[in-house]
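Just below is one structure, and these are the notes that go with it.
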Amino acid sequence: NGRFAEFLFSQNFEINYTGIDFSSELLNSARDQLSKYSNINLIEKDLLELWDLDDAKFHLVVSFGGLHHIPGFDNRKKFVQKMINSLSDGGLLVITVWQFANDDRFKKKILSDEELLRLDIDPRGFEENDYVVNWLRGDTGHRYAHFTDDLEMKRLLGDKVEIIQTYFADGKKGNMNKYYLIQKLVR
31 NGRFAEFLFS QNFEINYTGI DFSSELLNSA RDQLSKYSNI NLIEKDLLEL
81 WDLDDAKFHL VVSFGGLHHI PGFDNRKKFV QKMINSLSDG GLLVITVWQF
131 ANDDRFKKKI LSDEELLRLD IDPRGFEEND YVVNWLRGDT GHRYAHFTDD
181 LEMKRLLGDK VEIIQTYFAD GKKGNMNKYY LIQKLVR
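With the sequence shown counted from 1, adding 30 to any position gets you the working numbering.
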């Protein structure tokens, strides 16, 4: 939706901004919001297509609200490694992880195995920390969500980077997302 780019430009950073999303609606909103700026490249891609940016190197790569939508550890690892590989040496990666499984309000929305079976979803195909969350608005709205804990994050990141800081933010209590600030090691 362009909010992060708007923030960066409001801080008077001179940047070349590349934004990637699968939603043409969000990208169109971003195009409208960012039309006053130059050096904007917005790309419509599914995260699992693992965009082709092998030659590009970025000083900062940010993933807000994406990781929990990616099913399967191997897919999440590929996504995270692609972001790491697109960093310049010493570059920073910021990943947010939704903390729904640690919030009483959202825990109530996690569907039980019985509820999943009524929806013809076999929970035996889920990995640890995979859930379907009741996101009903009208008749539809069940949403897959994966809860990434610290141990899994370390497995996803591998040894080319180090976590330099973590903190919680967002939501009424300031704890709906965990932020990981990660630096690519210079080799």
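Backbone N, C-alpha and C define an ideal beta-carbon position, used for all residues, glycine too.
*Any contact of the segment 134 to 145 with the segment 62 to 80, i.e. 3+ C-beta pairs under 8 Å?*
no
*Hey, is the segment 127 to 137 in contact with the segment 171 to 180, meaning 3+ C-beta pairs nearer than 8 Å?*
yes
*Thinking C-alpha only, which one of PRO101, THR126 and ALA86 is nearest ASP200?*
As a working note, residue 200 is residue 170 in the sequence shown. Answer by Cα proximity: THR126.
*For the candidate residues LEU186, LYS202 and ILE212, whose alpha-carbon lies nearest to that of ILE193?*
Along the sequence shown, one-based indexing puts residue 193 at 163. The residue with the shortest Cα to Cα distance from ILE193 is ILE212.
*Going straight from the alpha carbon of PHE37 to that of ASP179, what length do you get?*
The residue labelled residue 37 in the question sits at position 7 within the sequence shown. The residue labelled residue 179 in the question sits at position 149 within the sequence shown. Roughly 28 Å between the two C-alpha positions.
*Report the three-state DSSP secondary structure of ARG217 (helix, strand or coil).*
The sequence position of residue 217 within the sequence shown is 187, counting from 1. ARG217: coil per DSSP, three-state reduction.
*Identify which residue in TYR197, GLN63 and ASP152 has its Cα closest to the Cα of PHE39.*
Locating residue 39 in the sequence shown gives position 9, counting from the first residue. Nearest option by C-alpha distance: GLN63.
*Give the range of the beta strand (DSSP E) segment to which SER93 is assigned.*
Taking the sequence shown and counting its residues from 1, one reaches residue 93 at position 63. For SER93, the enclosing beta strand (DSSP E) begins and ends at 88 to 93.
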